[in-house]
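Protein chains: 4
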Amino acid sequence: MSKKTKKEFLKEQIKHIDIKSFDSRPIVEAMAGMSFTARDLARAAEIYDMMLKDKNCAIFLALAGSTSSAGCMQIYVDLVKNNMIDAVIATGASIVDMDFFEALGFKHYKGSPNVDDNLLRDLYIDRIYDTYIDEEQLQACDQAVKKIADSLEPKPYSSREFILKMGEYLSKNSKKKESLVETAFKKNVPIFCPAFSDSSAGLGLVCHQWKNPEKHISIDSVKDFLELTKIKIKAKASGVLMIGGGVPKNFIQDTVVAAEVLGYDVPMHKYAVQITVADVRDGACSSSTLKEASSWGKVKQGYDQMVFAEATSVLPLIASYVYHKGSWKNRMPRNFTKIFK
Amino acid sequence: MSKKTKKEFLKEQIKHIDIKSFDSRPIVEAMAGMSFTARDLARAAEIYDMMLKDKNCAIFLALAGSTSSAGCMQIYVDLVKNNMIDAVIATGASIVDMDFFEALGFKHYKGSPNVDDNLLRDLYIDRIYDTYIDEEQLQACDQAVKKIADSLEPKPYSSREFILKMGEYLSKNSKKKESLVETAFKKNVPIFCPAFSDSSAGLGLVCHQWKNPEKHISIDSVKDFLELTKIKIKAKASGVLMIGGGVPKNFIQDTVVAAEVLGYDVPMHKYAVQITVADVRDGACSSSTLKEASSWGKVKQGYDQMVFAEATSVLPLIASYVYHKGSWKNRMPRNFTKIFK
Amino acid sequence: MSKKTKKEFLKEQIKHIDIKSFDSRPIVEAMAGMSFTARDLARAAEIYDMMLKDKNCAIFLALAGSTSSAGCMQIYVDLVKNNMIDAVIATGASIVDMDFFEALGFKHYKGSPNVDDNLLRDLYIDRIYDTYIDEEQLQACDQAVKKIADSLEPKPYSSREFILKMGEYLSKNSKKKESLVETAFKKNVPIFCPAFSDSSAGLGLVCHQWKNPEKHISIDSVKDFLELTKIKIKAKASGVLMIGGGVPKNFIQDTVVAAEVLGYDVPMHKYAVQITVADVRDGACSSSTLKEASSWGKVKQGYDQMVFAEATSVLPLIASYVYHKGSWKNRMPRNFTKIFK
Amino acid sequence: MSKKTKKEFLKEQIKHIDIKSFDSRPIVEAMAGMSFTARDLARAAEIYDMMLKDKNCAIFLALAGSTSSAGCMQIYVDLVKNNMIDAVIATGASIVDMDFFEALGFKHYKGSPNVDDNLLRDLYIDRIYDTYIDEEQLQACDQAVKKIADSLEPKPYSSREFILKMGEYLSKNSKKKESLVETAFKKNVPIFCPAFSDSSAGLGLVCHQWKNPEKHISIDSVKDFLELTKIKIKAKASGVLMIGGGVPKNFIQDTVVAAEVLGYDVPMHKYAVQITVADVRDGACSSSTLKEASSWGKVKQGYDQMVFAEATSVLPLIASYVYHKGSWKNRMPRNFTKIFK
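Protein chains in written order, with my numbering: chain B, 15 to 355; chain E, 15 to 355; chain L, 15 to 355; chain Y, 15 to 355.
Printed below as a string of structure tokens:
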């Protein structure tokens with residue numbers, strides 16, 4: 015039996031779900047009458063809709079995990095495009111390895127968790143659970159980042175500033191239009207990656223610094239924190255939609271504390287929704303309940319809802335629900351990017 | 015601050031979701047193009063539809079956990095009513111404490127996991143995660159079981175035989191029509207509870223035996239196993255839809271082995287879907303993968319799919335999908351109950 | 015490459031851990047000063063020791079999952095042998111497929127979760143996560159059960175009565191001495207399997223009934239419930255050590271309610287420890303917290319502790335701790351089996 | 015009933031476990047003969063010991079989650095002190111909020127997950143699952159970081175460089191000796207926090223930049239990545255001990271890819287152990303198996319072991335095992351900090 019070729023492995027492309035193409039409202043409304051995760055899901059959808067209706071509320075998307083490559087990529091684009099998100103805090107992987115990567119014309123593929131990983135390694139195929147990526151394309155993505163870095167004035171940048179440059183680059187060079195990076199660039203929605211180097215971008219930037227040991231750009235994560243805190247100070251009331259946990263969750267929550275430390279009396283996040291499979295009992299931030307966050311003065315109790323589920327199965331329902339409710343039609347864009355101009 | 019009263023606690027009734035009232039096909043079909051749980055969910059729906067299309071395939075529902083009281087009760091009724099299930103293997107709680115209980119006119123109520131359980135205890139309110147039950151009503155349910163037992167000829171019964179009597183009782187006395195017990199009775203769909211005493215029924219039956227120490231009925235779980243094996247022998251090809259794991263999952267899987275031990279060459283279950291949050295790594299049957307089951311000769315590999323999710327959030331999508339696909343319209347009822355007449 | 019043979023798969027035997035051979039007290043005491051699962055584990059050990067010190071407290075072991083075949087089998091024997099457990103409520107698999115099976119001279123083997131299950135199937139090897147069993151030996155175990163059944167007077171038996179006969183059988187025929195079934199027989203510690211047929215015993219008993227359609231024994235699970243309730247009534251104060259959840263957990267908890275229904279005013283279980291990986295959020299009994307159980311009037315709050323962990327990694331620490339504390343030395347055996355003579 | 019005071023809440027200090035005070039070898043060796051998590055735990059301990067015996071192998075500790083505040087803090091110190099770890103990659107919280115925090119003389123306290131978080135908020139008490147922290151002390155910790163930042167030449171620093179300064183500061187000012195930061199400083203073991211700002215350090219540094227808008231230090235996460243990659247290039251063979259997942263896990267794994275991108279042919283990590291409760295099925299890096307990592311060319315298959323457990327319950331066993339095996343006695347310190355001098 016001859017072994018499968020790379021082409022045979024990378025055959026079926028992931029298709030990103032389009033929340034506009036179906037209306038989940040009847041299902042979500044029916045789930046509101048149930049118990050367990052169904053009711054939690056419905057409550058989370060309702061709280062997100064409350065954020066959209068609340069004229070004073072700025073909305074943050076905190077994004078960790080691999081939902082972008084797993085078929086949710088277009089959801090995030092649709093949310094930003096329709097004024098349903100005012101700022102994004104994400105892992106580098108979500109923004110660079112997945113979104114920017116597809117904007118360059120590359121794809122994700124359906125795979126299997128039951129596979130010989132040594133064979134994948136030999137073929138230069140990377141695996142995320144049941145999704146495959148062409149490692150050679152990922153290295154092309156690294157190099158696109160390096161090229162952008164090479165073109166910039168050598169000085170410290172926040173990840174937001176650098177991702178803005180990536181958006182600008184895409185606005186001229188993208189193969190797939192409507193990536194999150196390009197859409198956010200056009201909509202003045204800032205994107206932060208507090209652990210930016212921990213991604214394909216990091217690989218590109220390491221090359222950049224290695225080749226330019228004396229004069230190079232750097233990514234200042236303190237500047238990220240300061241900029242995001244300035245947004246929170248300006249926003250006042252706020253809500254957070256969290257997919258997964260990790261650094262993005264912690265970072266956006268910490269802005270409340272940071273503002274206080276800088277002498278500003280800002281309110282806790284008034285609304286908070288988190289979708290996660292993380293286990294609360296290991297004390298990691300990813301899994302800490304929103305109730306726990308309230309002890310830290312980060313999230314106000316009342317309009318908070320954890321949904322313990324793998325996000326691909328529930329986020330499409332929640333997002334389609336709020337999209338079709340249409341409360342976003344009356345929202346004004348915040349254009350937070352303009353604060354820093 | 016005065017304490018909440020029982021009436022205040024038991025205010026909002028659980029409303030069971032109606033899979034006929036919305037069409038989940040566009041969502042489930044879109045999920046098929048994604049990764050992670052979304053794709054697993056879509057694959058599970060597709061496999062269930064394959065079972066319904068396969069003219070030779072008998073379909074078993076294995077039911078554990080508390081989804082019936084959590085808003086999925088009507089789903090199971092709709093599946094049985096529309097020839098989508100040919101036999102049910104369930105926990106006693108699902109059948110007696112939840113379904114038979116509601117058939118008697120009692121209700122489940124929305125509750126909260128963050129509550130003072132000592133206060134609930136004082137008020138005779140039982141809690142299942144975020145669902146409340148009136149303990150006094152549950153004791154009335156026990157007594158209805160006792161009444162049925164008192165009326166029967168003293169001898170060993172399979173749980174199926176006893177549940178048939180419960181269905182007959184409901185056909186005359188039910189307050190809520192369309193319970194699973196009554197529907198299955200009318201549709202000749204047998205229901206087995208291999209651990210029948212582990213439920214409200216057990217409490218009723220213990221009273222029955224206590225009051226009638228010499229002449230009383232008994233529930234013979236071996237007879238359950240034998241009857242279910244006879245069904246499997248008759249059915250030949252089969253598929254299993256499993257909600258949760260526990261004894262029901264194990265029991266239906268073991269019929270393949272039992273038939274073999276009795277000298278019959280029956281095929282493994284050809285199709286298998288399981289929805290569970292259980293963790294595979296503790297070696298309990300609830301969480302063992304369907305791949306593992308194939309080592310035991312119970313489930314054939316190929317058309318099997320685990321969906322790692324809390325069932326209330328995914329079962330409505332799967333069930334609505336197959337309902338609206340309509341493959342069940344061409345299925346003949348198996349009337350397995352008639353085997354034992 | 016030729017395929018692995020059965021002999022090559024079944025090479026390394028599982029060795030059951032001996033809690034007497036090491037003293038875990040210093041570790042467990044150090045863990046008491048920590049947080050998270052370490053502190054929970056230490057608290058659970060302390061509560062078990064409190065049960066042993068409390069002269070009025072009868073102790074129940076509720077046993078689900080596959081820890082017996084996974085190396086904990088001797089732990090349960092040592093607990094029973096040293097008066098640390100007064101009654102056992104277990105799954106059929108733990109008692110028959112694992113313990114009685116090894117008493118007959120058969121073994122469990124180290125395996126791998128990453129294996130071709132179709133190959134195992136062809137070789138008649140069953141797999142429990144990373145443990146292998148010889149299916150032919152398991153069928154010999156079924157037949158031993160059938161042989162015992164064939165020798166008994168045809169009438170309904172509680173599982174306890176039947177397991178007593180198995181203990182008697184082993185006292186004459188066992189190849190491995192010190193099985194749980196034989197030790198419990200000798201120590202007058204009753205063993206209940208409320209879902210007895212859901213095991214290798216079920217296969218043996220199905221054969222027995224099939225071959226003897228008119229005159230055969232039956233297993234009455236109502237009688238189990240009644241007998242266990244009588245024990246609870248006699249015991250008064252009680253504590254429960256639960257490994258996993260499932261039917262055993264539910265069954266022993268329900269005795270409190272059953273006693274009340276029969277008109278006895280028995281106390282809730284005063285002490286309760288549960289080790290489980292189950293997820294609280296699916297509303298299944300396996301995972302329901304002990305706090306939730308108190309709403310049902312089953313477990314008193316105060317001396318209850320959940321340990322969210324896979325049992326093989328924490329039970330040896332807890333059991334060795336209480337063994338070396340030695341509080342059991344002053345305990346009187348309850349000889350609950352004698353109630354029924 | 016009057017409410018509990020802050021002093022009453024912060025009463026019982028967490029005591030960090032001392033792996034030198036007990037010898038876990040007999041337990042771990044007995045667990046090697048078992049199945050499930052016990053066997054995984056024993057295999058992980060054995061693989062860590064193999065790393066220590068392998069003269070050519072550099073050992074990285076990747077540290078995420080809150081085990082440091084949960085009683086494992088001294089473990090990490092002992093590992094570094096005894097040449098069992100050559101470099102640390104951690105979350106900012108582990109290093110600053112927990113370790114540096116205690117070095118300043120502050121403490122963590124035993125708490126409860128079942129508490130009124132609004133009351134904690136009013137009292138300025140932060141909660142991590144069942145652990146309490148005095149928020150005022152945490153703010154003092156922020157300010158100590160700010161003070162260090164104020165004293166440094168304004169330019170970009172890697173987190174490693176900054177943490178080195180923290181170690182130097184502690185060598186003069188620490189109240190608790192033997193913190194990880196100070197010990198690593200003295201042992202020339204570099205500590206990296208790739209998401210450094212996401213911590214108490216971030217709060218201190220934000221203040222620093224806010225007060226010094228023109229001339230301030232910055233934290234360059236690209237420099238972190240480059241430095242860590244240089245260490246991997248120098249180390250050649252390597253092993254990784256991972257507690258939790260998150261950014262630290264990803265970062266150390268990516269150095270293999272980074273070295274390759276820079277034109278160096280470095281081997282994958284030869285040994286890898288990860289302790290985590292994360293769920294593999296959400297595709298997040300925290301939970302991705304080491305087998306999956308091998309598809310990315312990061313971790314070599316063969317000497318890799320996942321232990322699915324909450325770390326406080328298993329790490330003390332693993333660490334005590336390797337400590338008492340003594341293989342570290344023949345290891346030479348790598349002094350990786352000196353590379354950058």
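Beta carbons: idealized from backbone N, C-alpha and C, even for Gly.
All values reported here derive from a predicted model rather than from experimental measurement.
Cα atoms of K67 of chain E and I61 of chain E: separation of roughly 10 Å, rounded to the nearest angstrom.
Segment contact: the segment 194 to 203 of chain E against the segment 161 to 170 of chain E, fewer than three CB-CB distances shorter than 8 Å; contact not assigned. Judged by DSSP in its simplified three-state form, T290 of chain L adopts strand. In this structure, DSSP gives R348 of chain B a state outside helix and strand, which the three-state scheme calls coil. CA-to-CA, the gap between T105 of chain E and A272 of chain E works out to about 20 Å. For the set Y:Q223, Y:A101, Y:S16, Y:D37, the Cα lying nearest the Cα of K246 of chain Y is the one of Y:A101. Interface residue (Cβ-Cβ distance to chain B less than 8 Å): S108 of chain E is not classified as such.
DSSP, reduced to helix, strand and coil, places S38 of chain B outside both helices and strands of the structure shown, so it counts as coil. Per DSSP, I147 of chain E lies in no alpha helix (DSSP H) segment; the continuous beta strand (DSSP E) that holds it begins and ends at 145 to 148. At a C-beta separation below 9 Å, I139 of chain E has no neighbours in chain B, since its nearest C-beta there lies roughly 15 Å away. Residues of chain Y with a Cβ closer than 8 Å to the Cβ of L240 of chain B are, in chain order, V220, Q223, W224. As computed with DSSP, R141 of chain Y is found in a beta bridge with Y:Y146. F50 of chain B is not a Cβ neighbour of T303 of chain E, given a cutoff of 8 Å. Judged by their CB atoms, I109 of chain B and I177 of chain B are nearer to each other than the 8 Å cut-off. One alpha carbon belongs to G47 of chain E, the other to H30 of chain B, and they sit about 7 Å apart. At a C-beta separation below 9 Å, M45 of chain B has these neighbours in chain E: I31, G85, T326, S327, P330.
For the alpha helix (DSSP H) assignment, the uninterrupted runs of no fewer than 4 residues enclosed by the segment 165 to 229 of chain Y are, from N- to C-terminal side, 173 to 187, 194 to 200, 214 to 225. When C-beta distances to chain L are compared with 9 Å, the residues of the segment 110 to 125 of chain Y below that value are H122, K124, G125, in chain order. Closest in alpha carbon position to V220 of chain L, among L:E150, L:P40, L:I332, L:I162, is L:I162. With respect to the C-alpha of E192 of chain Y, the residue from Y:K179, Y:H222, Y:A117 having the closest C-alpha is Y:A117. Contact between V270 of chain L and V261 of chain L does not hold, since their C-beta atoms are separated by about 16 Å, which reaches or exceeds 8 Å.
In this structure, E182 of chain Y lies away from F354 of chain Y, with their beta-carbon atoms at least 8 Å apart.
DSSP places Y335 of chain Y in the helix class (H, G or I) of the three-state scheme. DSSP places D318 of chain Y in the strand class (E or B) of the three-state scheme. When rounded, the separation of the alpha-carbon atoms in G258 of chain E and T145 of chain L is 23 Å. Cβ-Cβ separation between L75 of chain L and L93 of chain L: approximately 7 Å, consistent with a contact (criterion under 8 Å). Contact annotation: D212 of chain B and S309 of chain Y have beta-carbon atoms that are not nearer than 8 Å. In the three-state scheme derived from DSSP, where H, G and I count as helix and E and B as strand, S252 of chain E is classed as strand. For a cut-off of 8 Å, the C-beta gap from P330 of chain E to I41 of chain B is around 7 Å, short enough to register as a contact. Just so you know, the alpha carbons of A84 of chain Y and E306 of chain B end up roughly 16 Å apart. Using a Cβ-Cβ cut-off of 9 Å, T19 of chain B is close to nothing in chain Y; its nearest Cβ partner there is about 16 Å away.
Spatial neighbours of V328 of chain E in its own chain (CB-CB distance under 7 Å, excluding positions within 5 residues in sequence) are listed in chain order as L55, I289, V321.
A direct Cα-to-Cα measurement between D111 of chain B and F239 of chain L gives close to 59 Å. Pairing V203 of chain L with Q267 of chain L gives a Cβ-Cβ distance that is not under 8 Å.
Put simply, of B:C86, B:K25, B:Q27 the residue whose alpha carbon is nearest the alpha carbon of E324 of chain B is B:C86.
A distance of 8 Å or more separates the beta carbons of F120 of chain Y and C71 of chain Y.
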